[in-house]
Structure formats: structure tokens, C-alpha cells
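Numbering (my numbering), first residue to last: 2 to 192.
Report on the structure given below.
This is the structure:
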């Protein structure tokens, strides 16, 4: 059995995709833990509704960023986590977490990296930057996580056309669809 954990900071819409997909398939993956740095995260509520254990680990619970990241790493090891998915996790990932799961920490990003990646490029900020650039294609990227935002090895990408009349919300909806497809494809590779 492959044990998955998810870290998310806010809505958890991509988390819901993972929960739903795994519930429909008889496979070797199971989501055993959701961690958030935000005790009011909707991701925690989504996980609890699906009877998935949750933990709030942050500077509020552990006093410093370093101690919180050490606690996350210990939790991943203690829970025998095989893969960690970052789905809207809004903090940089540091060495203790990466060392707990070498090359098995994965992020989904709403652009075709390396374009529109790095600090400050998340959510609607990415889509606005794409529209402002005049690019006619964007997409989603699944990549390994490194200590530098959005610089880990790219695993897979899906292109999404940018239409002249697009507004941020419309483009975001199409990119989220590509993100969900990438997540499902990745989960299938673990089977």
C-alpha cells in the first residue's frame, strides 16, 4: 500500500480531486493524512468530512518555522508516508521535509513552468500575469519540490489555450481542469 499525505493552506479544491479520485478506484494508494499550516483551512474540513486524519502544524503550534517544519518531517516519517502532495500549500518547503521524502514531494502549479513560477506566483496572480503577458498558451505543471519555489524537476505538464476574451476566473477554471487531470495521471502512475 502506498501512503499519501497532502499539505494545503486554504481551499483544498485540488485535495478534493484526490479524495474523489481515490474513492472511485480500487488501487494501491490511500490518502492517510492532510496537514495544513492554517487551522481554518477548508482543506482540513474536506479531509475530516472524508474521514481522513488531519493535523494543523504551523508557527502557532510550534513557535517557529524551523520547529514546525521539523514536526512536519517527523509526522511524515511516523505515519510511513511514501509521497507528499503540495496542493495549494503557501509556504516554502525546507530541508527537513525534503529529506524525510527525497524526490517524493510533489507540487501542482498553475502555469507551464518555468514561466510564471517562483515567489509570488500563485493562484490568480499567475493567471493575471499570463493574461498581461499576451501569451496564447498556459497550463499546469506537476513537479518535484526543491527548496527554491517552482524549480524542482518537471514531471508532467498540460497546455491550456489562452483566449483573447479570457478573464482571470475563466482562465483559472480551465487551468484547474488541467491540474486535476495531471493529479489523476500521477496517481495512476503510483498504482
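Beta carbons: idealized from backbone N, C-alpha and C, even for Gly.
ask   = Who are residue 160's beta bridge partners in DSSP?
value = 140
query = Can you tell me whether DSSP reads residue 113 as helix, strand or coil?
reply = coil
message = Quick test of your reading: residue 146 and residue 153, contact by CB under 8 Å. State the CB separation rounded to the nearest angstrom.
response = 5 Å
request  = Just confirm the distance between the C-beta atoms of residue 81 and residue 4, as a whole number of angstroms; I'd bet it's less than 8 Å.
outcome  = 5 Å
inquiry  = In this structure, how does DSSP classify residue 56 when only helix, strand and coil are distinguished?
reply    = strand
request  = Please confirm if the stretch 26-36 is in contact with the stretch 75-93, defined as three or more CB-CB distances below 8 Å between the two stretches.
outcome  = yes
request  = Please state if the CB of residue 89 and the CB of residue 12 are separated by a distance shorter than 8 Å.
outcome  = yes
message = In chain order, what are the residue ranges of uninterrupted beta strand (DSSP E) at least 3 long that sit wholly in the stretch 34-100?
response = 55-57 and 84-87
query = What residue from 98, 128, 53 and 54 has the CA that sits closest to residue 75's CA?
reply = 98
query = Less than 8 Å separating the beta-carbons of residue 114 and residue 70?
reply = no
key: Anticipated Cβ contact below 8 Å, residue 133 with residue 163, distance rounded   = So it is not a contact: roughly 11 Å between Cβ atoms.
Simplified DSSP state of residue 106, which is helix, strand or coil = strand
query = Do you know offhand how far residue 165's Cα is from residue 173's?
reply = 14 Å
Residues that residue 31 bridges to, as DSSP identifies them = 4
query = Between residue 58 and residue 38, is the Cβ-Cβ spacing less than 8 Å?
reply = yes
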